[in-house]
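Following: one structure in structure tokens, then a few remarks.
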Amino acid sequence: MISFSLNGKPQTVDVPGDTPVLWVLRDTLGLTGTKFGCGIAVCGACTVHVDGAQRRACVTPASSIAGRQLTTIEAIGEDRIGRAVQDSWVRHDVVQCGYCQSGQIMAAVALLKANKQPTDADINRAMSANLCRCGTYVRIHAAVKDAAKAIA
Amino acid sequence: MSSRAEALRRYLACALALPMAALAADPVGQFQPTQVSVSPDRSAGLQAFAQIERVLLHPRCVNCHVPDGPLQGDAKRMHYPAVQRGVDGKGVAPLNCATCHSTQNSPLAHAPPGLDTGGQPGWRMPSAKMKMSWFGLSGSALCKVFRDPGTNGGRSLAMLQQHMATDHLVAWGWHPGPGRELPPLAKPEFDEQVRIWIRNGAPCDRSKS
Numbered sequence: 001m002i003s004f005s006l007n008g009k010p011q012t013v014d015v016p017g018d019t020p021v022l023w024v025l026r027d028t029l030g031l032t033g034t035k036f037g038c039g040i041a042v043c044g045a046c047t048v049h050v051d052g053a054q055r056r057a058c059v060t061p062a063s064s065i066a067g068r069q070l071t072t073i074e075a076i077g078e079d080r081i082g083r084a085v086q087d088s089w090v091r092h093d094v095v096q097c098g099y100c101q102s103g104q105i106m107a108a109v110a111l112l113k114a115n116k117q118p119t120d121a122d123i124n125r126a127m128s129a130n131l132c133r134c135g136t137y138v139r140i141h142a143a144v145k146d147a148a149k150a151i152a
Numbered sequence: 153m154s155s156r157a158e159a160l161r162r163y164l165a166c167a168l169a170l171p172m173a174a175l176a177a178d179p180v181g182q183f184q185p186t187q188v189s190v191s192p193d194r195s196a197g198l199q200a201f202a203q204i205e206r207v208l209l210h211p212r213c214v215n216c217h218v219p220d221g222p223l224q225g226d227a228k229r230m231h232y233p234a235v236q237r238g239v240d241g242k243g244v245a246p247l248n249c250a251t252c253h254s255t256q257n258s259p260l261a262h263a264p265p266g267l268d269t270g271g272q273p274g275w276r277m278p279s280a281k282m283k284m285s286w287f288g289l290s291g292s293a294l295c296k297v298f299r300d301p302g303t304n305g306g307r308s309l310a311m312l313q314q315h316m317a318t319d320h321l322v323a324w325g326w327h328p329g330p331g332r333e334l335p336p337l338a339k340p341e342f343d344e345q346v347r348i349w350i351r352n353g354a355p356c357d358r359s360k361s
């Protein structure tokens, strides 16, 4: 049994410790907002927050989140910065196919929690680890800047 | 006291000190530091360091022993994404090493390698305070940076040897996962060359750089 906080609520799962958190979320708990992309921590589609820091859920073993705070896309809007990022995403009509956008938003929130006034270079660096096959990078960049203004 | 004399004093003080802290940190209690011989063979020591150098400059080691952000891969390419060292060597939020480097290597090629430290992701590079950069160095210049506690993380010879022999991030270099070249010496052979180097006074070649 592995216990942790999931989106602010206690959660216990009966899975082998080496089960990736992405599998726990999607298969065990039915939270499918976090996406499977590359499966090797390279694309960022599966980004979640563990104790506020972003992690690639596809390579994060369930045993490593025991006793920790796990936040997923399903609850990121309950956070002030998360809400601001989601609102900005809508204003800028960022999404095209949408598959990578859960990870993009989780990465953007992680950036703005660490750096509330990111420069263009900060945004480019921080968001460079999340790939978008539709090429929505320009809109992502604009939305992050706009969200930063909203939380200033 | 001149800076050179001060550096020598610090080196000797560390080299001669009992490595109690290092021994206490050894989880299996099997590490025994090599003592410097009463009649060191300088030539044998220099030959041993030449072998050690081959490992230190291998991508598995030098990719993180760099002046700035890390490199990656056998070709020592720029790291993707463009992460930064950070104060503690674990990256700068929101892109920390642990964002992508989890607790174990993936069985698939091209995946970020992983390292387990107490059940948590343990990937890191040297801290900003002590970068321990070897990039661009070779021969006696590398040897001196490697040996001097002022540039090697504050390690005595015993602590340096223990780091090479028992540190799990060092050991990862010989278990790098698929698609990554192994260092040019096997781990036992590397450890033996470190012992030979230290037994013979841990010499650095004065005539070459």
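Chains as they are written, first to last, in the working numbering: chain A, 1 to 152; chain B, 153 to 361. Here a beta-carbon is modelled for each residue, glycine too, at the ideal position from N, C-alpha and C.
- Cβ neighbours of Gly225(B) within its own chain (closer than 8 angstroms, five residues either side excluded): Pro211, Asn215 and Arg332.
- For the pair Gly241(B) and Ser279(B), the CB atoms are nearer than the 8 angstroms cut-off.
- The Cβ neighbour count for Val90(A), taken over all protein chains shown within 10 Å, is under 16; the residue is labelled exposed.
- Taking a Cβ-Cβ threshold of 8 angstroms, the residues of chain B close to Val42(A) are Cys252, His262, Ala263 and Pro264, in chain order.
- For Gly271(B), the neighbours in chain A by C-beta distance under 7 angstroms run, in chain order, Ser63 and Ser64.
- Contact between Val207(B) and Phe342(B) holds: their C-beta atoms lie close to 5 angstroms from each other, under 8 angstroms.
- One thing to note: Asn124(A) has its Cβ no nearer than 8 angstroms to the Cβ of Gly103(A).
- DSSP, read as helix, strand or coil, puts Asp268(B) in strand.
- The C-beta of Asn248(B) comes closer than 8 angstroms to at least one C-beta of chain A.
- Contacts between Ser258(B) and chain A, judged by CB atoms closer than 7 angstroms, involve Ile40 and Val59 in chain order.
- Listed in chain order, the non-local C-beta contacts of Pro16(A) below 8 angstroms within the same chain comprise Ala62, local neighbours out to five positions each way being set aside.
- Within the region 21 to 58 of chain A, no alpha helix (DSSP H) run of at least 4 residues lies entirely inside it.
- If you look at Thr251(B), you'll find it in the alpha helix (DSSP H) that goes Cys249 to Cys252.
- For Arg26(A), no Cβ of chain B is located within less than 8 angstroms of the residue's own Cβ.
- In this structure, Gly33(A) sits near Thr72(A), with a CB-CB distance shorter than 8 angstroms.
- If you draw a straight line from the Cα of Thr269(B) to the Cα of Thr255(B), it comes to about 7 angstroms.
- For Ile65(A), no alpha helix (DSSP H) segment is defined, and its DSSP state is neither H nor E.
- Taking a C-beta distance under 8 angstroms as the contact criterion, Leu25(A) and Phe36(A) do not qualify as a contact pair.
- Rounded to whole angstroms, the gap between the alpha carbons of Phe183(B) and Leu312(B) is 12 angstroms.
- Here the region 52 to 67 of chain A lies against the region 245 to 261 of chain B, with 3 or more beta-carbon pairs under 8 angstroms apart.
- If one requires a minimum length of 4 residues, the alpha helix (DSSP H) runs lying completely within the region 192 to 241 of chain B are 194 to 208 and 211 to 214, in chain order.
- In the assembly as shown, Thr119(A) is an exposed residue. Its beta-carbon has fewer than 16 other beta-carbons within 10 Å.
- An exposed status is given to Ser3(A), since fewer than 16 other beta-carbon atoms sit within 10 Å of its beta-carbon.
- Look at Gly243(B) here: in three-state DSSP terms it is strand.
- When 7 angstroms is used as the limit between beta carbons, Thr255(B) is near these residues of chain A: Pro61 and Ser64, in chain order.
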